[in-house]
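In what follows, a single structure is set out as structure tokens and then discussed.
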Amino acid sequence: MLITVPLAGELKFYPLNEVYRISFGAPAFFFFLLLLRHVPAVLSGLLTGAAVVAFRIGLSCWGGEHAGFTEAFFSQYPSFFFYFTYACLFYVLRVRFFRDRPLMIGFLGFLIEIASDTVEMAVQFSGGRLIMMPGKLADIAVIAVSHTFIVLSFFNVMKLHESQVREKQTRKQHEHMLMIVSNLYEETIHLKKTLKTTEHVTKESYQLYREMSGNDRELGSRMLRLAGEIHEVKKDNQRIFAGLSKLISNERFRDYMDAAALIGIVIRINEKYAESLGKDIQFRSVIEGEHPDYHVFTVLSILNNLTANAVEAMGDRGEIRLTLRRAEGEMAEFQAEDDGPGIPEKIGEVIYDPGFTSKYDEFGTPSTGIGLSYVKEIVTELEGGISFHNKPKGVIFTIKLPVRHLIAERVSS
């Protein structure tokens with residue numbers, strides 16, 4: 038501000054005489070007062086006024102316009118009162134409190150500039166340097182209006198940019214939280230399966246206790262104690278399941294979302310994932326037909342697992358294509374196609390087994406191998422199907438799900 042305003046003040050003309058000037062210093066100063074919210078306005082006026090006067094005195098002495106410092110000072114010092122008055126009125130009228138009311142800012146800016154011009158002219162007049170010309174005052178008012186709305190134009194453009202940046206940050210945070218909750222949703226599916234398993238084991242253990250209690254009391258007692266311990270594990274899992282379900286339901290997210298938006302979230306997240314792995318992977322999406330809003334966490338957890346699986350399997354470069362279409366019989370068909378190494382035919386359906394993996398990192402550490410098994414499990418639970426087929430380069434995974442399970446609230450979720 039202390040550099041820009043004095044420089045902008047040199048873009049000038051003299052409407053009244055050779056002393057009183059109109060320049061772009063005033064709109065530049067107004068813009069900085071609006072922009073620098075945490076800098077005291079009065080201090081800004083004091084420092085800027087002094088900087089402007091010092092700069093103009095230096096130019097006058099260097100250019101030979103005045104005989105010496107004293108003459109240059111008395112010629113330029115009224116400008117200080119313009120900027121100081123401007124800043125004081127800006128503070129008194131609390132212009133910064135009207136940041137969301139541009140018309141009010143414009144009106145106050147006009148009044149402040151007219152008042153500051155009046156103070157500067159009064160100081161010059163007191164020194165006998167200004168001849169008042171009423172015919173020019175209307176021009177000064179018009180210039181004040183133009184200055185004000187030039188500043189408002191730039192200020193509103195900056196506010197628009199700030200709002201776009203905030204919106205982008207908010208969207209990133211929202212997508213990040215969506216994926217966190219989606220991962221929690223995925224864990225609840227695994228936990229639900231564990232609950233069913235422990236419930237079945239508890240029943241079988243208790244039944245075995247009843248069968249053995251008549252023949253071997255000691256062994257029967259041990260079986261009963263084992264059944265009780267399994268039951269405790271089941272209750273612990275139930276508490277964890279209830280906590281996760283409550284956490285998911287308490288998050289302020291829409292349960293259903295437009296299909297294109299869901300595909301977009303999956304692509305953006307996996308673009309970052311591919312970048313973190315040092316891979317240059319291009320993502321494409323195709324959506325065919327009309328689609329209702331789908332259940333967010335179901336679709337995200339399935340598609341994100343498939344897409345992340347493709348990212349891990351591919352080399353340093355490649356392309357992944359996500360396709361969504363309406364199939365026959367009210368089915369939604371999701372496809373994840375990549376141009377990676379593909380899947381050997383001899384492996385076949387083994388890829389859906391828990392713990393199976395064909396992907397290893399640079400240190401030879403295998404991946405967890407639960408992604409496709411989870412997808413298979415959730416697809417089966419939703420009465421759908423999953424299949425894959427190799428192409429000359431890469432593989433295509435196809436998932437078909439009944440639309441009714443994607444648009445209706447699931448009891449288990």
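For the sequence shown, this note's numbering begins at 38 and goes up steadily by one.
Yeah, the Cβ is synthetic: ideal placement off N, Cα and C, and Gly gets one too.
Selection from the options that minimises the alpha carbon distance to residue i
i, options, result
"Glu212", "Val303, Met195 and Arg247", "Val303"
"Leu261", "Leu361, Lys240, Glu374 and Arg276", "Lys240"
"Ile149", "Asp137, Ala181, Glu47 and Arg136", "Ala181"
"Tyr243", "Ile384, Ala373 and Gly257", "Gly257"
"Phe278", "Leu221, Gln319 and Asp253", "Leu221"
"Glu349", "Glu312, Ala45, Val202 and Thr417", "Glu312"
"Ser153", "Cys125, Phe134, Pro139 and Arg136", "Cys125"
"Phe425", "Leu197, Ile40, Leu72 and Ala347", "Ala347"
"His332", "Ile444, Ala78, Leu84 and Phe147", "Ile444"
"Arg441", "Arg363, Ile423, Leu409 and Tyr389", "Arg363"
"Glu325", "Gly315, Glu365 and Leu314", "Glu365"
"Val160", "Arg131, Phe118, Ile142 and Met141", "Phe118"
Distance, residue j Cα to residue i Cα
i, j, result
"Leu70", "Val323", "49 angstroms"
"Arg74", "Tyr128", "11 angstroms"
"Val432", "Leu419", "24 angstroms"
"Val336", "Gly379", "24 angstroms"
"Ala264", "Leu245", "9 angstroms"
"Ser163", "Val194", "41 angstroms"
"Gly86", "Val179", "23 angstroms"
"Gly62", "Gln206", "35 angstroms"
"Val156", "Lys209", "50 angstroms"
"Phe320", "Lys430", "16 angstroms"
"Phe111", "Ser97", "12 angstroms"
"Arg354", "Asp317", "5 angstroms"
"Ala373", "Thr344", "7 angstroms"
"Tyr411", "Met216", "16 angstroms"
"Pro439", "Ala369", "6 angstroms"
"Val387", "Lys309", "29 angstroms"
"Glu255", "Glu266", "17 angstroms"
"Phe144", "Trp99", "39 angstroms"
"Ile177", "Asp330", "59 angstroms"
"Ser200", "Tyr293", "26 angstroms"
"Ser282", "His268", "21 angstroms"
"Arg203", "Leu72", "17 angstroms"
"Glu356", "Pro381", "20 angstroms"
"Phe434", "Lys428", "11 angstroms"
"Arg276", "Leu130", "59 angstroms"
"Lys413", "Asp137", "52 angstroms"
"Gly315", "Met141", "52 angstroms"
One or two residues paired with residue i in a DSSP bridge
i, result
"Gln372", "Thr360 and Thr435"
"Asp253", "Asp253 pairs with nothing; no bridge assigned."
"Phe111", "For Phe111, which the question treats as bridged, DSSP gives no partner whatsoever."
"Arg321", "Arg358"
"His332", "Tyr293"
"Gly422", "Lys437"
"Asn427", "Val432"
Under 8 angstroms between C-beta atoms of residue i and residue j
i, j, result
"Ile225", "Asn274", "Residue identity check: residue 225 is Thr in the sequence provided, not Ile. No. Outside cutoff."
"Leu467", "Lys271", "Outside the shown range of the chain, which is 38 to 450, sits residue 467, and nothing can be said about it."
"Ile339", "Ile415", "yes"
"Ile436", "Phe371", "yes"
"Ala65", "Val90", "no"
"His328", "Ala296", "yes"
"Tyr123", "Gly82", "yes"
"Phe186", "Phe68", "no"
"Leu197", "Pro139", "no"
"Asn341", "Ile384", "no"
"Leu359", "Tyr389", "no"
Counted within 10 angstroms of its Cβ, other Cβ atoms place residue i as buried (16 or more) or exposed
i, result
"His237", "exposed"
"Asp376", "buried"
"Met158", "buried"
"Leu284", "exposed"
"Phe92", "buried"
"Glu367", "exposed"
"Phe107", "At residue 107 the sequence reads Thr, which differs from the Phe that was named. With fewer than 16 other Cβ atoms within 10 Å, it is exposed."
"Pro115", "buried"
"Phe121", "buried"
"Gly46", "buried"
"Gly421", "buried"
"Leu44", "exposed"
"Phe134", "exposed"
"Ile40", "exposed"
"Met351", "buried"
"Val76", "exposed"
"Gly146", "buried"
Chain D contact for residue i (CB, 8 angstroms cutoff)
i, result
"Glu199", "Judged by its chain identifiers, the structure shown contains no chain D, having just a single protein chain."
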